[in-house]
Each structure stands twice: as C-alpha cells, then as structure tokens.
Amino acid sequence: MCAVLGVLWSGLVRLTGYARRATSWLHPLRIAVPARAVRTDGRRMADVRFRLLSSGIDSLYFSATGDLKAGFLASLKSLRGSNGTSDTVMGAFPSDDTSFLLKGPLRGYPYWLKGPGYDLMVGHAEPAAPLVAELRSWFLHSEGAEGAGEHLRKRLEVDMFDGAFELKTSRIDVHADFQGWTPHHLDFQRFVCRARFKELHQPDGELHGYGNQVSGFTFGRGAVRARIYNKTLEHAVHRDTGASLLWGDFDRDQPVWRLEFQFRRQALMQLGAAGGLEALAARQGLWNYGTT
C-alpha cells in the first residue's frame, strides 16, 4: 500500500530478514531492522538507533453464520427480562460457567456479551450475520493470535451454535512497534502510496498541554488503511491495552511509535484470506502487501 521515502527506512518496510523475537507467545513478523536511521540519499542521520520492539496481530474481528442455539438465545432473553431497568447483567456460558457481562443492544444486535478476552454481538436478523466477535488486544497478546482464535472457535462451537457454522474474518490489524524515529509533520509529504486519502493527526488536547506535537499519520479510507502513530501518547491519553508488555527493555525516555495496517473483509477476500482463521496464517503476506 505504501512505500516510504526519506525517514521511514527501507529496513522497516522491506521484509528481508528476521527481527529478533519480541516475545515467546507471539509469532512476530519478518522485518529487517537497520542499526541506524538513514536518509534517502544513503547518508546516516543523527545518532539515532532504530529498535523494533514487537510485531504481530493487534486487532481481530470475525463474523459467524449458522443457526444459533435456541436455548442460549432464550437464556439471554431471560437474563435481559430479569434485569429490570439496568442495561448490564452478569451471565455465564453453559459449558464451563465462564462469566460474561450482558449489555446492549448494540449496532442492531440485541445482545452484547463481554466475555474473557472478547466481545460477542448476538442475535441480528438476516441478512446480517447472527454473531460478530472482536478479540481484545490484551487477549491476542497474552494467548497469541492462533490461541485466541481457537479459543473463540471452540466457544462458538460448544455454547453458541447448533451444528455447523461458518467463521469469517472481518478485520485484522498487523503492526510493528519501534523506537528510534520520531516523525515530524514535514515527513507527511515524504510518503508515497496508492491511497488517495492522507490525513495528519494531532492529539485532541493539543491546546491543553500537547502543544503542536504530531501524534500520527493515516493513509487510506477503504478496505486497507495504514497508520503511523505515537503509541506512548495514545497510552497517556487513553489507556494501555497491553502492548507495553511486549516491549521488553525499551527506552522509557523516548516515545514508542507504531506502524499498523488494517485490512477489512473486502481486501481479505481479494487476497484470499477471509475464511475461518486464514488471515492469521497470512499475516506476513498482509504485511508485505502493506509495505510495498
């Protein structure tokens, strides 16, 4: 999607070797890492060391089609009926008594279940899928994408669907977190990509303590989007979703930045990676597509 000129070095966008394993529970992407930042003309920049801290899958969304178990839907309806005026009630999956919070409605789904590591939206009428799922970032980091995906598949098989069901990937985000390059707003024009839409981000509170600090760039609006943003600043403004657990011995005096590619269903279908857990096996190919 994007090839970067100037400050985003060829080592970051060309996958020609293996980066060090950032953590034992993730399958990191293959990324060649330069020892130092270099300019487009090949001359070395100021004494800045580039460090790849972690890489892999950070967001994962699924839809599932099939016949939902009537008994489970009845139990959700009963929980909702017994809840009175409150919009949240505690429930449990029947197979193992794992607890979930029942909320909703949300986006046309009458039942929104917040489980251990994932959100499930259940009960939408056709033609929409009767169930959609989002795996939480911390769950992906702690279990690994394959482990988290398999956990979700088993949950749907045992507790949610009556018989066979089809699982499809709706969205996947692949990322690399790094230190050693702090983007400037002038760098924005140095990016070359196929996307017609480019956007410069600054934090919402820039007039209240952030000054003119750039927080990131976005490229594209459709089925494929690229983002480069200050992950440290995001943690400060919002919250840490678990990414920092993967950074190891990073420099706490310097910001951590993230390069991230988001692929939605349309793009995954064109790339042959929308069915079941196929997108997980295709993570490297998706990264290659995004960086070339």
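According to my numbering, the sequence shown is numbered sequentially starting from 207.
Each residue gets a CB set at the ideal place from its N, CA and C atoms; glycine is no exception.
Would DSSP call Glu-340 helix, strand or coil?
Glu-340 falls in the strand class under three-state DSSP.
Let's see if you can read the secondary structure: which residues bound the beta strand (DSSP E) around Gly-355?
The continuous stretches of beta strand (DSSP E) do not include Gly-355, which lies in the alpha helix (DSSP H) extending over residues 351 to 361.
Please name the residue in Ala-488, Gly-310, Asn-494 and Glu-440 whose C-alpha comes closest to that of His-330.
If we check each option's Cα against that of His-330, Gly-310 comes out closest.
Quickly, what does DSSP pair Ser-261 with across the bridge? List them, please.
Secondary-structure assignment with DSSP links Ser-261 through a beta bridge to Ala-382.
Are the region 388 to 400 and the region 272 to 288 touching, with three or more C-beta to C-beta distances below 8 Å?
With the cut-off at 8 Å, the region 388 to 400 and the region 272 to 288 do not touch.
Is Ala-266 helix, strand or coil by DSSP?
Sequence inspection shows Leu at residue 266; the Ala mentioned does not correspond to that position. Here Leu-266 sits in strand by DSSP.
Per DSSP, Leu-319 forms a beta bridge with which residues?
In the DSSP assignment, Leu-319 forms a beta bridge with Leu-308 and Leu-326.
Among Leu-483, Arg-471, Gly-277 and Asp-446, which one has its Cα closest to the Cα of Asp-368?
For Asp-368, the nearest C-alpha among the options comes from Gly-277.
Residues bridged to Ala-164 (per DSSP)
For the chain, the structure presents residues 207 to 498; residue 164 sits outside this window and is missing.
Return the bridge partner residues of Tyr-435 from the DSSP annotation.
Bridge partners of Tyr-435 according to DSSP: Gly-422 and Arg-464.
Express the C-alpha separation of Gly-422 and Leu-319 in angstroms, rounding to a whole number.
Rounded to whole angstroms, Leu-319 to Gly-422 spans 32 Å at the Cα level.
According to the neighbour-count rule (16 or more other Cβ atoms, all chains shown, within 10 Å of its Cβ), is Leu-307 buried or exposed?
By the neighbour-count rule (16 or more Cβ atoms within 10 Å), Leu-307 is not buried but exposed.
Helix, strand or coil: how does DSSP classify Thr-497 here?
Of the three classes helix, strand and coil, the one that applies to Thr-497 here is coil, per DSSP.
Helix, strand or coil, according to DSSP, for Asp-393 in the structure here?
Collapsing the DSSP output to three states places Asp-393 in a helix.
Please determine if the region 260 to 270 and the region 299 to 306 are in contact, where contact requires at least 3 C-beta pairs separated by less than 8 Å.
Result no; under three Cβ-Cβ pairs closer than 8 Å.
Excluding the 5 residues flanking Pro-333 on each side, which residues of the same chain have their C-beta closer than 8 Å to its C-beta?
Close CB contacts of Pro-333 within its chain, under the 8 Å cut and outside five residues either way in sequence, are absent.
Is Lys-275 helix, strand or coil when you go by DSSP?
Coil at Lys-275, not helix or strand.
Would you report the Cα separation of Gly-411 and Arg-464, rounded to the nearest angstrom?
Note that Gly-411 scores 33 on pLDDT, short of 50, meaning its location in the model is unreliable and no value can be drawn from it.
Closest to Asp-273 by CA distance: which of Pro-336, Arg-359 and Ala-480 is it?
Per the Cα distances, Pro-336.
Just reading off the beta strand (DSSP E) that Met-366 is part of, what are its end residues?
Under the DSSP assignment, Met-366 falls outside any beta strand (DSSP E); it carries neither an H nor an E label.
Ala-280 by DSSP, collapsed to three states: which one?
Ala-280: helix per DSSP, three-state reduction.
Coil, strand or helix - Gly-454 by DSSP:
It is coil, neither helix nor strand.
Using alpha carbons as the reference points, say which of Asp-293, Asp-393 and Gly-297 lies closest to Leu-312.
Nearest option by C-alpha distance: Asp-293.
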